[in-house]
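Residue numbers (the numbering used here): 1 to 291. For every residue, glycine included, the Cβ atom is placed at its ideal position computed from N, Cα and C. Values in this document were obtained by computation on a predicted structure and should not be read as measured data.
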């Protein structure tokens, strides 16, 4: 007979270890923070060692926690794959996701193969808000913004990392283009310009460039295509243009990179948090967003 603590204890530990947060783990498991704390205390009592320590920077794993965490994650992955292999095919689930079009095109699409291989019983339906009549059908909402949403479970996936880029044709003898000589390309969000150029110029200490001048576009894809065509200079989240940077079709104007304040958030309605398809998608997003 196996001498093991409860599977729930181990599952709670894995979730806390991933988030380095009792509160975030509680949200992911759809339980109270007190329940998470009790499960961790019981596991520590069973093992006879502490698994977490609190530091001024937040929650950290002890040496014992660091040793245990990857083995448990691997074990749960094996269990998950074994269960999927014998599930009845008719139990296929459809996960409906509301997402910004550029994020869906440039980030999600690049990772979908891995998700589909890992979770063959989940079919994704990805849409944007335009033309979607019944938001009650949505299981998850990927949202671009500054802050958490107050009406649901809201979790930051990744912060934007902004760099200023231009087409190679705007560089002269290897020198980057003069910011004052070309149009600045701006992105509109909820009808207003995002302050990405202002933030980037402030980080550069440049007060000689008029951040108000330039062209406005309703989507990031339009900005990217205009920059590729040499139509202006753009400040873009580098995670959205990894392919262009790798191919050299867009070049950094300087190495300066500004993190945030905008990011991508995963919002889940309170009545959807307990769904297994939502939990698996949340865990997968956390893993691939922060490799």
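Looking only at its chain, what residues have a beta carbon closer than 6 angstroms to the beta carbon of residue i, apart from the 5 residues adjacent to it on each side?
i: residue 183; result: 214, 215 and 232
i: residue 124; result: 95
i: residue 128; result: 101
i: residue 244; result: 250
i: residue 148; result: 154
i: residue 69; result: 17
i: residue 137; result: 96
i: residue 60; result: 53
i: residue 177; result: 166 and 170
i: residue 173; result: none
Report the partner residues of residue i according to the DSSP bridge assignment.
i: residue 252; result: 165
i: residue 233; result: 184
i: residue 284; result: Answer by DSSP bridge pairing: none, since residue 284 is not bridged.
i: residue 193; result: 188
i: residue 122; result: 93
i: residue 263; result: 145 and 159
i: residue 127; result: 98
i: residue 217; result: 187
i: residue 258; result: 162
i: residue 223; result: Answer by DSSP bridge pairing: none, since residue 223 is not bridged.
i: residue 268; result: 153
For residue i versus residue j, is the C-beta spacing smaller than 8 angstroms?
i: residue 29; j: residue 5; result: no
i: residue 58; j: residue 18; result: no
i: residue 142; j: residue 98; result: yes
i: residue 160; j: residue 237; result: yes
i: residue 264; j: residue 146; result: no
i: residue 163; j: residue 242; result: no
i: residue 139; j: residue 275; result: yes
i: residue 196; j: residue 235; result: yes
i: residue 105; j: residue 267; result: no
i: residue 217; j: residue 188; result: yes
i: residue 170; j: residue 230; result: yes
i: residue 277; j: residue 93; result: yes
Leaving out five residues before and five after residue i in sequence, what residues of the same chain have Cβ atoms less than 8 angstroms from its Cβ?
i: residue 133; result: With a pLDDT of 45 at residue 133, under the threshold of 50, the modelled position of this residue cannot be trusted; read the value that follows with caution. If we look at residue 133 and ignore the five residues flanking it on each side, it has no Cβ neighbours.
i: residue 248; result: 168
i: residue 239; result: 107, 158, 160 and 161
i: residue 27; result: 153, 155 and 273
i: residue 131; result: Here residue 131 scores only 47 on pLDDT, less than 50, and its place in the model should not be relied on; the value that follows carries that caveat. Answer for residue 131: no residue qualifies.
i: residue 207; result: 201
Here's a check: name, in chain order, each residue in its chain whose Cβ is nearer than 7 angstroms to the Cβ of residue i, leaving out the five neighbours to either side.
i: residue 12; result: 25, 29, 36, 39 and 40
i: residue 111; result: 288
i: residue 219; result: 101 and 102
i: residue 15; result: 25, 28 and 29
i: residue 81; result: none
i: residue 270; result: 152 and 153
i: residue 23; result: 33
i: residue 198; result: 211
Indicate whether at least one CB of chain B lies closer than 8 angstroms to the CB of residue i.
i: residue 34; result: Among the chains in the structure shown there is no chain B, since it carries only a single protein chain.
Kindly provide the ranges of any beta strand (DSSP E) runs that are 3 or more residues long and lie completely inside the region 134–190, ordered along the chain. Listed in chain order, the complete beta strand (DSSP E) runs (minimum 3 residues) inside the region 134–190 are 140–145, 153–166 and 184–189.
So, does the region 238–252 touch the region 201–208, judging by three or more C-beta pairs under 8 angstroms? Three or more beta-carbon pairs separated by less than 8 angstroms are not found between the region 238–252 and the region 201–208, which leaves the two stretches without contact.
Any contact between the region 72–79 and the region 26–41? By contact I mean 3 or more CB pairs, one from each, below 8 angstroms. no
Contiguous beta strand (DSSP E) assignments of at least 3 residues, all confined to the region 46–76: 52–55 and 58–61
If contact is defined by three or more beta carbon pairs under 8 angstroms, each pair taking one atom from either stretch, is the region 221–241 in contact with the region 62–69? no
Do three or more CB pairs link the region 174–181 to the region 280–290 at distances below 8 angstroms? The region 174–181 vs the region 280–290: no contact.
Using a Cβ distance threshold of 8 angstroms, determine whether the region 111–123 contacts the region 137–153, with at least three qualifying pairs required. no
Counting only runs of 3+ residues fully inside the region 90–116, write out the beta strand (DSSP E) ranges in chain order. With a minimum length of 3 residues, the continuous beta strand (DSSP E) runs that stay inside the region 90–116 are 93–98.
Output the residue ranges of the alpha helix (DSSP H) runs that lie fully inside the region 4–41 and measure 4 residues or longer, sorted by chain position. Listed in chain order, they are 7–19 and 22–29.
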